[in-house]
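Peer 1:
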Amino acid sequence: MGASYTARLHDAPGTKVRVIADGERAQRLRRDGVTVNGRRYDFDIVAPHEVVEPAELLLVGVKYTGFHSALEQMRHHIGPGTVVISLINGITSEAEIAEAYPQSHPLLSITYGVDAVRQGQVITYEHLGKIAFGEPANEAPHSEPVRFVARLCEDAGLTYEVPPDMVHDLWWKFMVNTGVNQVTAALSAPYGIVQDPGSPAYELMLAAQREVLAIAQARGIRLDETDIDSWLKVLAALAPNQYTSMAQDILAHRPTEADIFSGAIRTMGAELGVPVPVNTCLHQILKSLELKGS
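All you need for our numbering is the position in the sequence shown, starting with 1, plus 5.
1. In whole angstroms, what is the alpha-carbon distance linking D201 and P245?
2. Identify whether E77 lies in helix, strand or coil by the three-state DSSP scheme.
3. So what's F138 in DSSP terms, helix, strand or just coil?
4. How close, in whole Å, do the beta carbons of G7 and V67 come, if the pair is a contact with beta carbons under 8 Å?
5. Which residues mark the beginning and the end of the alpha helix (DSSP H) in which Q200 is found?
6. To the nearest angstrom, report how far apart E276 and I265 are at their CA atoms.
7. Looking at the unbroken alpha helix (DSSP H) that takes in P205, where does it start and where does it end?
8. For P111, list the residues DSSP reports as bridge partners.
9. On a CA-only basis, which of V51, G118 and Q108 is nearest T164? Give me that one, please.
10. For S250, which residues in the same chain have their Cβ closer than 6 Å to its Cβ, ignoring the five residues on either side in sequence?
11. Ends of the alpha helix (DSSP H) at T183?
12. Can you tell me the Cα-Cα spacing of R36 and R152, whole angstroms?
13. Under the three-state reduction of DSSP, which class applies to Q247: helix, strand or coil?
14. Considering Cα atoms alone, identify which of W176, H110 and E77 is closest to A223.
15. Using the beta-carbon count (16 or more within 10 Å), is G184 buried or exposed?
16. Applying the criterion that 16 or more other CB atoms from any shown protein chain within 10 Å of the CB defines a buried residue, is D4 buried or exposed?
17. Are V65 and S91 close, meaning C-beta to C-beta below 7 Å?
18. Let me confirm a value: D120 is counted as buried when at least 16 other C-beta atoms fall within 10 Å, else exposed. Which label applies?
19. Excluding the five sequence neighbours on either side, which residues of its own chain have a C-beta within less than 8 Å of the C-beta of R33, listed in chain order?
20. Confirm, please, whether the CB-CB distance from S9 to I128 is below 7 Å.
21. Rounded to whole angstroms, what is the Cα-Cα separation between S267 and E104?
22. Going by the beta-carbon positions, is the gap between T116 and I136 smaller than 7 Å?
23. If we count the other Cβ atoms within 10 Å of its Cβ and call it buried at 16 or more, is Q289 buried or exposed?
24. Start and end of the beta strand (DSSP E) containing R271?
25. With distances taken Cα to Cα, identify the nearest neighbour of L294 among E262, A75 and T11.
26. Excluding sequence positions up to five away, which residues of its chain have a Cβ less than 6 Å from the Cβ of A12?
27. Can you check which of these residues, D232, V279, L287 and K297, is closest to H258 by C-alpha distance?
28. What does the alpha-carbon distance come out to for the pair L218 and L228?
29. Would I233 and M273 qualify as a contact pair, given that the criterion is a beta-carbon distance under 7 Å?
30. Measuring alpha carbon to alpha carbon, tell me which of V167, E55 and G162 ends up nearest P141.
31. In angstroms with no decimal places, state the Cα-to-Cα distance between P146 and D170.
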């Protein structure tokens, strides 16, 4: 997903893009580039230690397993007012960025409806979906950082929205991923496995998501069954033969993001006294699969 968005921004008129990378990854990017939907991109690669002009916008497009390394690597690219958009799943990365770089301006953000697949340096997608971003609460006229990102999205041809309640939308995406990413990963299956209403995988996805509803409601966050209904409309439009990022991780024997989904739900459930048996089981299965594939 990060490469797909970077390619769109690269093609936007008047936009200069650089990619932070070092070591073997930097060598590979310089040698092979990145191919997105059949087109090769050779981005400007900058080492983390290089002192450069701070970016106006910093896009964090790594998996959570690489987030803390990336958090240090972005140090020379953040200045006063640098807007940060995190494409990382879960509900914590923005707060961690704000704590590490108080001079920056992280916005809450989610993406959904994306069916990008990565095989080595080749990324393909049929649907790039939509990005939602903003301050925790947004009323027109929006803040300047929000308007700035909106202009960039328009220039890059990215579909976007600025929800009035971004905290709700962040938890909505968390609920979505806790169900669909984990179930498809546990089954090593594409979206189609959870698109048949009433099937065992479909019911398992919903059960995991309903535990997120219970946690959210216990924390005073506005999330209910209507949010599951809105997700099911998005799910129906996704390509049934495409794989979630977590299913791709399992198939490629990479570490997953189970800890920021079911792992986080287990922790919050214990703190709040909310039973989460489905996510407990999914977390145990996924961590076992990681060990099996390592």
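By construction, the Cβ of each residue, glycine as well, lies at the ideal position given by its N, Cα and C atoms.
Here the structure is a predicted model, which is why all the values come from computation and not from measurement.
Peer 2: On the basis of the coordinates in this document:
1. Distance between the alpha carbons of D201 and P245 is about 10 Å.
2. helix
3. strand
4. 7 Å
5. First-last for Q200: undefined, no H or E at that position.
6. E276 and I265: Cα-Cα distance of roughly 16 Å.
7. DSSP places P205 in the uninterrupted alpha helix (DSSP H) bounded by P205 to A223.
8. V89
9. G118
10. none
11. M171 to L192
12. 36 Å
13. Q247: coil per DSSP, three-state reduction.
14. W176
15. Under this definition G184 is a buried residue.
16. The structure shown has nothing for residue 4, since the chain only spans 6 to 299.
17. Between V65 and S91, the CB-CB gap stays under 7 Å.
18. buried
19. Q126.
20. In this structure, I128 sits near S9, with a CB-CB distance shorter than 7 Å.
21. Between S267 and E104, the C-alpha separation is close to 24 Å.
22. yes
23. exposed
24. Where R271 is concerned, there is no enclosing beta strand (DSSP E), although the alpha helix (DSSP H) it sits in stretches over S267 to L277.
25. E262
26. Within the same chain, A12 has close Cβ partners V41 and Y46.
27. K297
28. 6 Å
29. The answer is no: Cβ separation not under 7 Å.
30. Measuring from the Cα of P141, the nearest candidate turns out to be V167.
31. Near 15 Å, if we compare the C-alpha coordinates of D170 and P146.
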